[in-house]
Amino acid sequence: MKRIVLTGGGTAGHVTPNIALVPRLRELGYDIHYIGSYTGIEKQLIEALDIPYYGISSGKLRRYFDLKNFSDPFRVVKGYFEAKKILKKLQPDIIFSKGGFVAVPVVQAAKGLHIPVIIHESDMTPGLANRLAIPAATKVCCNFPETLASLPEGKAVLTGSPIRRELHDGDRLAGLKLCGFSAEKPVLLIIGGSQGSVAVNQAIRGILPELLKTFQIVHLCGKGNLDANLNGTTGYVQYEYIQKELPDLFALADVVVSRAGANAICELLDLRKPSLLIPLPSSSSRGDQILNARSFEKQGFSKVLMEDTITPELLLSAILELYHDRQTYITAMEHSGASDAIATITNLIEEIVQA
Numbered sequence: 008m009k010r011i012v013l014t015g016g017g018t019a020g021h022v023t024p025n026i027a028l029v030p031r032l033r034e035l036g037y038d039i040h041y042i043g044s045y046t047g048i049e050k051q052l053i054e055a056l057d058i059p060y061y062g063i064s065s066g067k068l069r070r071y072f073d074l075k076n077f078s079d080p081f082r083v084v085k086g087y088f089e090a091k092k093i094l095k096k097l098q099p100d101i102i103f104s105k106g107g108f109v110a111v112p113v114v115q116a117a118k119g120l121h122i123p124v125i126i127h128e129s130d131m132t133p134g135l136a137n138r139l140a141i142p143a144a145t146k147v148c149c150n151f152p153e154t155l156a157s158l159p160e161g162k163a164v165l166t167g168s169p170i171r172r173e174l175h176d177g178d179r180l181a182g183l184k185l186c187g188f189s190a191e192k193p194v195l196l197i198i199g200g201s202q203g204s205v206a207v208n209q210a211i212r213g214i215l216p217e218l219l220k221t222f223q224i225v226h227l228c229g230k231g232n233l234d235a236n237l238n239g240t241t242g243y244v245q246y247e248y249i250q251k252e253l254p255d256l257f258a259l260a261d262v263v264v265s266r267a268g269a270n271a272i273c274e275l276l277d278l279r280k281p282s283l284l285i286p287l288p289s290s291s292s293r294g295d296q297i298l299n300a301r302s303f304e305k306q307g308f309s310k311v312l313m314e315d316t317i318t319p320e321l322l323l324s325a326i327l328e329l330y331h332d333r334q335t336y337i338t339a340m341e342h343s344g345a346s347d348a349i350a351t352i353t354n355l356i357e358e359i360v361q362a
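Quick note on our numbering: the sequence shown kicks off at 8 and runs consecutively.
Okay, here's the thing in structure tokens:
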């Protein structure tokens with residue numbers, strides 16, 4: 008039996024693309040195992056799929072001063088030896104890494120054991136963890152054409168991001184029923200990211216009366232970000248987080264307002280959903296969301312608003328323009344040439360395993 012080890016963690020974005028690959032890998036006959044951190048979000052998500060899970064020590068390499076910078080390198084070294092022990096026992100044919108700092112010791116251990124590694128980079132420019140891991144990789148998959156120039160020649164493959172199949176199985180009528188909405192009025196979906204976005208939430212709620220003149224609104228606002236004062240507002244529903252019914256909400260949405268995390272916007276592209284992207288500002292990130300958003304804007308897939316320029320009038324105008332011009336964005340996405348990332352990546356896995 009062919010055996011693959013998946014790795015990656017720290018955020019949902021480092022796990023969900025791995026999860027998207029699982030059904031196809033099982034169809035191809037792979038025995039799947041997962042290496043992540045002891046208690047990260049990946050542990051719960053992967054164990055729910057009945058995949059054997061192995062936790063290792065991990066540390067974060069920070070660009071700013073923190074006392075943990077003195078102890079975390081030792082955690083990384085410990086994680087390397089733990090990963091090496093696990094890989095020696097499992098003897099996988101290949102490793103697929105979605106990144107995050109927990110993946111670094113796994114990839115380095117694989118290199119020492121001469122196990123081929125495929126890395127996937129979601130953002131336009133590789134993050135620090137992937138930059139450390141890329142020299143050990145056999146191939147590096149990416150989402151954006153612009154990323155190819157940042158990767159070693161001969162290793163880079165433009166694949167797009169693996170999207171969960173079930174996102175295509177949404178039922179608009181089920182979404183209408185869930186939200187108590189009418190089929191006669193368009194639906195605006197607000198996605199603040201897995202942790203929610205205070206800035207986006209506040210901006211949307213600040214123009215809610217005006218938006219409700221045109222739209223019914225589904226607001227995924229993140230844990231702890233519900234506004235009890237808005238409960239019972241006609242045409243407006245809010246959820247901290249939706250999992251099982253998310254495909255129905257995507258099927259329901261005519262247009263979307265979202266942060267610009269790479270996996271989130273690749274899902275919007277795959278589902279052909281016109282979007283207004285509000286990327287995390289560079290003051291609270293490494294600026295990757297800004298680059299992601301500008302790439303989608305350049306390709307005609309999305310409108311973009313920078314968080315520090317938002318005014319109520321500008322936000323309302325941008326959303327109304329997005330809806331008015333929605334078919335233009337849909338057409339651009341239909342002609343994007345975006346590949347079936349799951350097929351492309353699993354074919355690449357098969358080629359390397361069978362080589």
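Note that CB positions come from ideal geometry on N, CA and C, so glycine has one too. None of these values were measured; they are calculated from a predicted model.
If you run the structure through DSSP and keep just helix, strand and coil, what is I141? In this structure, I141 counts as helix in the three-state DSSP scheme.
How would you label P159, buried or exposed, when you count the other beta carbons within 10 angstroms and need 16 or more for buried? exposed
Closest by C-alpha distance to A267, when choosing among L276, I26 and K95: Minimum Cα distance to A267 is reached at L276.
Whose C-beta lies closer than 7 Å to the C-beta of G307 among residues of the same chain, with five residues either side of it excluded? Y336 and A339
The alpha helix (DSSP H) enclosing Y330, as first and last residue numbers: P319 to H331
Could you tell me the boundaries of the beta strand (DSSP E) in which S168 lies? Secondary structure note for S168: it is in no beta strand (DSSP E), with a DSSP letter that is neither H nor E.
What do you get for E128, buried or exposed, if any count of 16 or more other CB atoms within 10 angstroms of its CB means buried? buried
According to the Cβ coordinates, are G177 and P254 closer than 9 Å? yes
Using 8 Å as the cut-off, can you tell me whether the segment 257-266 makes contact with the segment 231-245, which would need three or more C-beta pairs spanning the two stretches below that distance? no
Can you list, in chain order, the residues of its chain with a C-beta nearer than 7 Å to that of L155? Leave out the 5 residues immediately preceding and following it. C149, A163 and L165
For A163, name the three-state secondary structure that DSSP assigns. strand
Range covered by the beta strand (DSSP E) that runs through V111: Looking at the DSSP string, V111 is not in any beta strand (DSSP E); the run it does join, the alpha helix (DSSP H), is A110 to G119.
Report the option in E314, G106 and R333 whose CA atom is closest to the CA atom of A140. G106
Mapping the DSSP letters down to three states, classify G62 as helix, strand or coil. strand
Report buried or exposed for R33, applying the criterion of at least 16 other Cβ atoms within 10 angstroms of its Cβ. Classification for R33: exposed.
Grouping DSSP H, G and I as helix and E and B as strand, with all else coil, what is L195? Correct three-state label for L195: strand.
Which class does D38 belong to by DSSP, given the choice of helix, strand or coil? strand
How is the alpha helix (DSSP H) around T353 delimited, first residue to last? In this chain, the alpha helix (DSSP H) harbouring T353 covers A348 to Q361.
Return the first residue and the last residue of the alpha helix (DSSP H) that K220 is part of. That residue, K220, is in no alpha helix (DSSP H); it is neither H nor E in DSSP.
If you run the structure through DSSP and keep just helix, strand and coil, what is E128? strand
Looking at the structure shown, is R212 part of a helix, part of a strand, or coil, going by DSSP? helix
CB-CB under 6 Å to I197, same chain, minus the five flanking residues each way: which ones, in chain order? I211, H226 and V264
Separation of R172 from G213, as counted between CA atoms: 35 Å
What is the rounded straight-line gap between the Cα of R31 and the Cα of T353? 8 Å
The alpha helix (DSSP H) spanning C186 covers which residue range? R179 to C186
Determine the DSSP secondary structure at V22, reduced to helix, strand or coil. coil
Would you tell me roughly how many angstroms separate the C-alpha atoms of F151 and E304, rounded to the nearest one? 12 Å
Nearest-angstrom Cα distance between A144 and G134? 15 Å
Mapping DSSP to helix, strand and coil, what is I122? coil
L283 - partner residues in DSSP beta bridges: V264 and K310
Alpha carbon to alpha carbon, how far is S104 from V194? 36 Å
According to DSSP, residues forming a beta bridge with Y243: I224
Quick one, which of T46, A325, E49 and I126 has its alpha-carbon nearest V311's? A325
Can you name the start and end residues of the beta strand (DSSP E) that F103 belongs to? I101 to S104
First through last residue of the beta strand (DSSP E) which encompasses K230: Neither: K230 is in no beta strand (DSSP E) and is coded neither H nor E.
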